[in-house]
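Asker:
Residue numbers (this note's numbering): 4 to 167.
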């Protein structure tokens, strides 16, 4: 399967945003950091991921428009569905990230997105679901990167499909 330049750009944009948000988010959650650093990184992550959402929607749209081969092997079907699960979980992380906000989102001071939910208990539920979804996404990212490394090492050069 070949990817357009737009799909390749969106893939690498997704990789950078998702990996940054996961790594920095887990770092802030599990390591002893100053409140100022937590606030700064948290605010940056909310801004970056809020601005990323439209790009992610375009990426999903393009993934369903692209015509892949129909006569796939079991391994190819597995890869196809694993990618769709990654999209689903990423969408879930982004959606719950917005739903758990207890205040307006102000991406880099550009505009305001009102907090969608005022019920504190419901916001807490979305926060818990978001946290679990982030763990699931992190596991999927490790598996995805591991699969790419495995393919590359075994001589199946799949990474070059995602290069300009």
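All residues carry an ideal CB built from backbone N, CA and C; glycine is no exception.
1. Residue 76 lies in the alpha helix (DSSP H); which residues open and close that run?
2. Who pairs with residue 108 in a beta bridge, going by DSSP?
3. Could you check what DSSP says for residue 167 in three-state terms: helix, strand or coil?
4. Need the endpoints of the alpha helix (DSSP H) that residue 147 sits in, please.
5. Suppose the cutoff is 8 Å on Cβ atoms and the five residues either side in sequence are ignored; what does the same chain contact list for residue 11 look like?
6. Could you tell me the distance, in whole angstroms, from the CA atom of residue 98 to the CA atom of residue 108?
7. From what residue to what residue does the alpha helix (DSSP H) around residue 14 run?
8. Touching or not, the stretch 29-43 and the stretch 76-95, by the rule of three or more beta carbon pairs under 8 Å?
9. Spell out a yes or no on whether the stretch 42-61 and the stretch 107-123 are touching, meaning 3 or more CB-CB pairs, one atom from each, closer than 8 Å.
Answerer: This is what the structure holds:
1. Neither: residue 76 is in no alpha helix (DSSP H) and is coded neither H nor E.
2. Within the DSSP secondary-structure output, residue 108 pairs in a beta bridge with 116.
3. Correct three-state label for residue 167: coil.
4. It spans 123-156 - the alpha helix (DSSP H) in which residue 147 sits, taken as one unbroken run.
5. Non-local C-beta neighbours of residue 11 in its own chain, meaning closer than 8 Å and more than five positions away in sequence, comprise 165, 166, 167, ordered along the chain.
6. Straight-line Cα distance between these residues: approximately 13 Å.
7. 8-33 is the extent of the alpha helix (DSSP H) around residue 14.
8. No: the two stretches stay apart, fewer than three of their Cβ pairs being nearer than 8 Å.
9. Yes: at least three Cβ pairs fall under 8 Å.
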